[in-house]
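Numbering (this note's numbering), first residue to last: -14 to 679.
We treat Cβ as the ideally placed atom computed from N, Cα and C, and that holds for glycine.
From a predicted model like this one, the values you see are computed outputs, not experimental measurements.
The structure under discussion appears below in the form of structure tokens.
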């Protein structure tokens, strides 16, 4: 115990020394200023002066607007593509909004006030700061319209009034969407908040219309076709036997399964659908340029219209379908322009709670360069997103493909070479330490073959699911046998109890039973969503729903436990080194310990970068993971075979023994052949003698 404490103190002391040495090489980073920059789209040009590093610069708003804009400079780079213009107001539009608010409050028809603002926007430029003002006015108008509808008992009047109001909301938003540049002047948080308010206001307006609709169906769209809506109020049984299709403009459509109306327990089904073609430009029109700025949180862009549907629920609430799923066909934009793979697209829905896109409950059924079919188990606003991490990475991805193919091929060959002596040499077959190595290599070999052949086999959903499940299983088995390596080494070296008392079948239960149990539970709990949460990117565990922890958790536990085992056996081994007794055994143990430590390190560190790569999509992590994963087989072959004195010696002995046996067998066959020849000759001679005597 004293020796262990001394060892720990020494390691800690060494760490302190290394820290002091490393700090002596510290270099102070030079702070850079941001250069003068002009923002296009304004007349005259809207230019910002040079700004000090790590500061927030302020300027007057663009020409024609009032207020102050800000722009942050960090390390010689403006942190966003455009300044923050959220405080910039077009005074003409602002005064008109104030006038409309006063009229609505004083009892003017809400539709008339909104139509007035639509006319103002057609004649004046929308500023970024006016967007929130207009949303508030639309909400004020909606609240006023709701009061008017409640007080009106004439069904025909309610129907007519709700249609007029819905048209005024549609036209105003449609006109706002023409001014996409105004939305680009908002920081990402405010931009997504604005889009969220638009969807809520439109949903509430359509719900109000659906409640008061008496002629079955209403369809309309804005003059610029930036917003399309369809509202239905029909008996529940109307949708019971057949599926329902909403034509969302162009080739886009949403198909609801037969009986979808049973999701809401009302006699009448209030169904309202909407299409937002402009959201792609409003939210992400400048996103690819933003990608070059590390401070921007945008890592995926909208490449389709936003198409939504809901059943008798206000506020954009998500309605879960009882049985079958809704199918949404969406035309995708820009995939050919940006030269990205179809696997970069994902089906998503707008989460009103987080004010951002979510993916659970939606999967890609089929897709190509021009369209994507999504299947979702609930109703809300849907869209197709593209991971723009891959937009600038096509050449990098090709390089990774070559590295993967070459490296994995080398790894597979080396693992196969490692298995040959473990299976062929009799003494190694009987040594349980090499039984562990044999199972570890076999599981890694199968996993590497699956990884090389099928991790991106996403065209077939069932095949992708099978590959993901078996990859999970065999990698877990490999780590389980790595744990057994550490456990067995600890038992043998520390001699805490007799290994014979621990039946070999217990090791096999740990090595195979626990991984099978883990995979079975993962499948049962998540109903395959653990492996298909992001089905058309790669065939592996999903990160979005946390299923990756079904692998990361066991891996972390194995690495941690093996490190504990290694520390304990190191203490025992170093303590016994001072004694001359068992000197040869100590050297063998040290070689065993170093091999196990190296194995734990290479497997553990490989999957640390693997988790970082699959989780964040960084190309740096991708290269490190690919290279380390490719070197695993080579490293194992060198460590467990080439550098193992026992393997080399027993392999030579087995070969020599086999050669001797072959020579003995050959000599025996010759002698047996001569003996048979003599016997045959004797028999023939005796036969001739008998014939002659007769």
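Rounded to the nearest angstrom, how far is the Cβ of residue 155 from that of residue 78, given a contact under 8 Å? Taking the first residue of the chain shown as position 1, residue 155 is located at position 170. Taking the first residue of the chain shown as position 1, residue 78 is located at position 93. The pair is not a contact, with the Cβ atoms about 19 Å apart (cut-off 8 Å).
Cβ contact (3+ pairs, closer than 8 Å) linking the stretch 147 to 166 and the stretch 176 to 195: yes
Cβ contact check for the stretch 387 to 397 and the stretch 339 to 356: 3 or more pairs under 8 Å: no
Grab me the residues of residue 127's own chain with a C-beta within less than 7 Å of its C-beta, minus the 5 sequence neighbours each way, in chain order. Numbered from 1 along the chain shown, position 142 holds the residue referred to as residue 127. So the qualifying residues of the chain are 186, 189 and 190.
Should residue 457 go down as buried or exposed, given a rule of 16 or more other Cβ atoms within 10 Å for buried? Along the chain shown, one-based indexing puts residue 457 at 472. Buried, since its Cβ has 16 or more Cβ neighbours within 10 Å.
Can you look up residue 280 in the DSSP assignment and give me helix, strand or coil? As a first step, residue 280 is located in the chain shown; it is residue number 295 there, counting from the start. Here residue 280 scores only 46 on pLDDT, less than 50, and its place in the model should not be relied on; the value that follows carries that caveat. Correct three-state label for residue 280: coil.
By a C-beta neighbour count over all protein chains shown, 10 Å radius and 16 as the cutoff for buried, is residue 226 buried or exposed? Counting from one through the chain shown, the residue named residue 226 turns up at place 241. When all chains shown are included, residue 226 counts as exposed.
Among 58, 66, 618 and 223, which residue has its Cα nearest to the Cα of residue 25? Along the chain shown, one-based indexing puts residue 25 at 40. Ranking 58, 66, 618 and 223 by Cα distance to residue 25 puts 66 first.
For residue 19, three-class secondary structure by DSSP: Taking the first residue of the chain shown as position 1, residue 19 is located at position 34. Residue 19 falls in the strand class under three-state DSSP.
For residue -1, which of helix, strand or coil comes out of DSSP? Here residue -1 refers to the residue found at position 14 when the chain shown is read from its first residue. Low local confidence applies: a pLDDT of 35 at residue -1 is under 50, so the model's placement there is unreliable, and no value is given.
One or two residues paired with residue 536 in a DSSP bridge: Stepping through the chain shown from its first residue, residue 536 is reached at position 551. Answer is none; residue 536 lacks a bridge partner.
To the nearest angstrom, how far is the alpha carbon of residue 514 from that of residue 333? As a first step, residue 514 must be located in the chain shown, where it is residue number 529. As a first step, residue 333 must be located in the chain shown, where it is residue number 348. Distance between the alpha carbons of residue 514 and residue 333: 15 Å.
Throw me the rounded Cβ distance for the residue 553 and residue 475 pair, which I believe falls under 8 Å. Working through the chain shown from its first residue, we reach residue 553 at position 568. Working through the chain shown from its first residue, we reach residue 475 at position 490. Yes, residue 553 and residue 475 are in contact; Cβ-Cβ is about 6 Å, under 8 Å.
Name the DSSP bridge partner or partners of residue 637? Within the chain shown, residue 637 is the residue found at index 652, counting from 1. In the DSSP output, where bridge partners are listed per residue, residue 637 has none listed.
Which of helix, strand or coil DSSP assigns to residue 445: Translated into the one-based positions of the chain shown, residue 445 becomes position 460. Looking at residue 445 - three-state DSSP - the assignment turns out to be coil, as it is neither helix nor strand.
Would you call the stretch 101 to 116 and the stretch 52 to 72 in contact, with 3 or more CB pairs under 8 Å? yes
State yes or no: is the C-beta of residue 102 within less than 9 Å of the C-beta of residue 122? Looking up residue 102 in the chain shown gives position 117. Looking up residue 122 in the chain shown gives position 137. It is a contact, given that the beta carbons lie within the stated cut-off.
Use the C-beta contact count for residue 489: other C-beta atoms within 10 angstroms, 16 or more gives buried, fewer gives exposed. For the purposes of this step, residue 489 is taken as the residue at position 504 of the chain shown. Counting Cβ neighbours within 10 Å, residue 489 comes out exposed, since fewer than 16 surround it.
My guess is that residue 369 and residue 295 are in contact by the Cβ rule of under 8 Å, so how many angstroms apart are they, rounded? Sequence index remark: in the chain shown, residue 369 carries index 384 (1-based). Sequence index remark: in the chain shown, residue 295 carries index 310 (1-based). Wrong, their Cβ atoms sit about 19 Å apart, outside the cutoff.
Going by CA-CA distance only, name the one from 463, 546 and 399 that's closest to residue 501. Taking the first residue of the chain shown as position 1, residue 501 is located at position 516. Residue 463 is the option with its Cα nearest to residue 501.
Endpoints, the alpha helix (DSSP H) within which residue 217 is located: Residue numbering aside, residue 217 sits at position 232 when the chain shown is read from its first letter. Not the alpha helix (DSSP H): residue 217 falls in the beta strand (DSSP E), residues 213 to 220.
Tell me which residue opens and which closes the alpha helix (DSSP H) that residue 766 is part of. This structure cannot speak to residue 766, because the chain is shown only from -14 to 679.
Determine which residues share a DSSP beta bridge with residue 292 and list them. If you number the chain shown from 1, residue 292 lands on position 307. For residue 292, which the question treats as bridged, DSSP gives the partners 260 and 367.
Nearest residue (CA-CA) to residue 680, options 422, 90 and 145: Only positions -14 to 679 of the chain appear in this structure, which leaves residue 680 out of reach.
Enumerate in chain order the residues of its own chain whose CB-to-CB distance from residue 98 is below 7 Å, with the five nearest sequence positions on each side excluded. Walking along the chain shown from the start, residue 98 turns up at place 113. Contacts found: 85, 88, 89 and 126.
Determine, using beta-carbon pairs with one atom in the stretch 201 to 209 and one in the stretch 348 to 368, whether at least three such pairs fall under 8 Å. no
So, do the stretch 220 to 240 and the stretch 164 to 178 have three or more beta carbon pairs nearer to each other than 8 Å? no
Does residue 499 come out as helix, strand or coil in the three-state DSSP assignment? Within the chain shown, the letter at position 514 stands for residue 499. Three-state DSSP puts residue 499 in a helix.
Under 8 Å Cβ to Cβ from residue 356, same chain only, skipping five residues before and after it: list those, please. The sequence position of residue 356 within the chain shown is 371, counting from 1. The residues are 236, 314, 315, 316 and 317.
Would residue 524 pass as a contact of residue 437 if the rule is Cβ separation under 9 Å? As a first step, residue 524 must be located in the chain shown, where it is residue number 539. As a first step, residue 437 must be located in the chain shown, where it is residue number 452. Cβ atoms of residue 524 and residue 437: not closer than 9 Å.
Go ahead and label residue 135 buried or exposed: buried means 16 or more other beta carbons lie within 10 angstroms of its beta carbon, across all protein chains shown. Taking the first residue of the chain shown as position 1, residue 135 is located at position 150. So residue 135 counts as exposed.
Taking all protein chains shown into account, decide if residue 470 is buried (16 or more other Cβ within 10 angstroms of its Cβ) or exposed. Numbered from its first residue, the chain shown carries residue 470 at position 485. It is buried - the Cβ of residue 470 has at least 16 other Cβ atoms within 10 Å.
Residue of 180, 390, 19 and 585 minimising C-alpha distance to residue 339: Mapped onto the chain shown, residue 339 falls at position 354. Residue 339 has its Cα closest to that of 180, out of 180, 390, 19 and 585.
Could you check what DSSP says for residue 352 in three-state terms: helix, strand or coil? Within the chain shown, the letter at position 367 stands for residue 352. In the structure shown, residue 352 sits in a strand (DSSP, three-state: E or B).
Contact check, residue 626 vs residue 406 under 8 Å by CB: the rounded distance? Position 641 of the chain shown holds residue 626. Position 421 of the chain shown holds residue 406. The Cβ separation is near 6 Å, so the contact holds.
DSSP state of residue 359, grouped into three classes? Against the chain shown, residue 359 aligns to sequence position 374. The answer is strand: DSSP assigns residue 359 an E or B state.
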